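*Asks:* Quick one: structure below, then a few questions.
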DNA sequence: CTTGGGCGCTACTATAATCATAGCACCAGA
DNA sequence: TCTGGTGCTATGATTATAGTAGCGCCCAAG
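Protein chains in written order, with the numbering used here: chain A, 32 to 126; chain B, 32 to 126.
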C-alpha cells in the first residue's frame, strides 16, 4: 500500500513516465508536465530519490534500475489508457 | 496522462485494489482503507463511476469489465512493491 | 406501530498538499 | 563584466484531504 501512497501523489507517475524516455533536466521535466510547480517538482524528485527510483547525474535526472523495473509495470498503462479514453470520451479529466 | 491524474488521486488505486477481491459496500471500503474519510471515499467512487471503472449493484460496488482490465495491469505492483519495500527499508511511507 | 440499529451518504471545519509567481545563486560564453 | 540559461527556494493563494458529526432510509425486533 505504501507504493500506492508514493505513486498516488500528483505527477509522480508522470515524472517516471517522462524519465523513461531518457535523462532529463529539471527544466525539461517542468516543461513536459506543463503545469507543475517547481516546488512540487522538487518535492517529488526528492521523494523519488529517497525511494531510490530515480537518481541524479551530470546530464540530469534518470531512472535507477529499480525505477526501470517499475516503469516496465507502468508501461502497459499507456496502451490501455488510449483504449479507455476512446470509450469514455475526451473530457473526463475535467477536475 | 489523464489516467495518471485520475489514479493519482489519493486512495483511487487502493479502492480498485480492494474491489478486485469482490464487491464491497460503502462501509466495507471505509473499513479496509482504514483512515479514509467518507466524503473522500464518496468523491473517489463518483469519479471512478464516471470513468466507468466501477459500478453499483445490489451487493455494493464492483469493478466493471474495464476496471477488471485495469486491475490486471495493477496486479503486478503487489509483488514488485514487496521487493521494493525490502530494499528500501520499512519507513519510507512516512509522509 | 415504534424503535433501534446498520447502511449510504452529506455537511462542516481544520489541516495539509498543491499551484503560481517571483526571484536567488551559480556557471558558461561573449 | 554582462547576458542568458539552469537548478532550485520562498511566499501567498487556492484546492484537496482529514476528521467528525449527523441525516434519511430500510428492515427487523419488540
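Every residue, glycine too, gets a C-beta built ideally from N, C-alpha and C.
Only a predicted model underlies this, so the values are computations on that prediction, with no experimental measurement involved.
(1) From which residue to which residue does the alpha helix (DSSP H) around residue 70/A run?
(2) Mind checking who residue 87/A pairs with in its DSSP beta bridge?
(3) Report yes if the CB atom of residue 67/B is closer than 8 angstroms to the CB atom of residue 76/B, and no otherwise.
(4) Using a Cβ-Cβ cutoff of less than 7 angstroms, which residues in the same chain neighbour residue 101/A once the five nearest sequence positions on both sides are dropped?
(5) For the region 101-121 of chain A, which residues have a beta carbon sitting closer than 8 angstroms to at least one beta carbon of chain B?
(6) When the Cα of residue 94/A is compared with those of 59/A, 34/A, 54/A and 118/A, which residue comes out closest?
(7) Between the alpha carbons of residue 108/A and residue 57/A, how many angstroms are there, rounded?
(8) Whose CA, out of 96/B, 118/B and 110/B, lies closest to the CA of residue 114/A?
(9) Please list, in chain order, the residues of the region 53-76 of chain B that have any C-beta partner in chain A closer than 8 angstroms.
(10) Taking 7 angstroms as the cut-off, is the beta-carbon of residue 110/B closer than that to any non-hydrogen atom of the ligand GTP?
(11) Give a yes or no on whether the C-beta atoms belonging to residue 39/B and residue 43/A are separated by under 8 angstroms.
(12) Could you tell me the distance, in whole angstroms, from the CA atom of residue 111/B to the CA atom of residue 64/B?
*Replies:* Considering the structure as presented:
(1) First-last of the alpha helix (DSSP H) with residue 70/A: 69-81.
(2) Looking at the DSSP assignment, residue 87/A forms a beta bridge with 92/A.
(3) Taking 8 angstroms as the cut-off, the Cβ atoms of residue 67/B and residue 76/B do not count as close.
(4) Counting only Cβ-Cβ distances below 7 angstroms, and skipping sequence neighbours, we find 47 and 84.
(5) Against chain B - using a Cβ distance shorter than 8 angstroms - the residues of the region 101-121 of chain A are 101, 104, 107, 108, 111, 112, 115, 116, 118 and 119.
(6) Ranking 59/A, 34/A, 54/A and 118/A by CA distance to the CA of residue 94/A puts 54/A first.
(7) So the alpha carbons of these two residues sit roughly 25 angstroms apart.
(8) It is 96/B.
(9) Those would be none; no residue qualifies.
(10) For the structure depicted, the ligand GTP is absent and the ligand set is empty, with no information on it obtainable.
(11) It is a contact, given that the beta carbons lie within the stated cut-off.
(12) In a straight line, the C-alpha of residue 111/B is about 20 angstroms away from that of residue 64/B.
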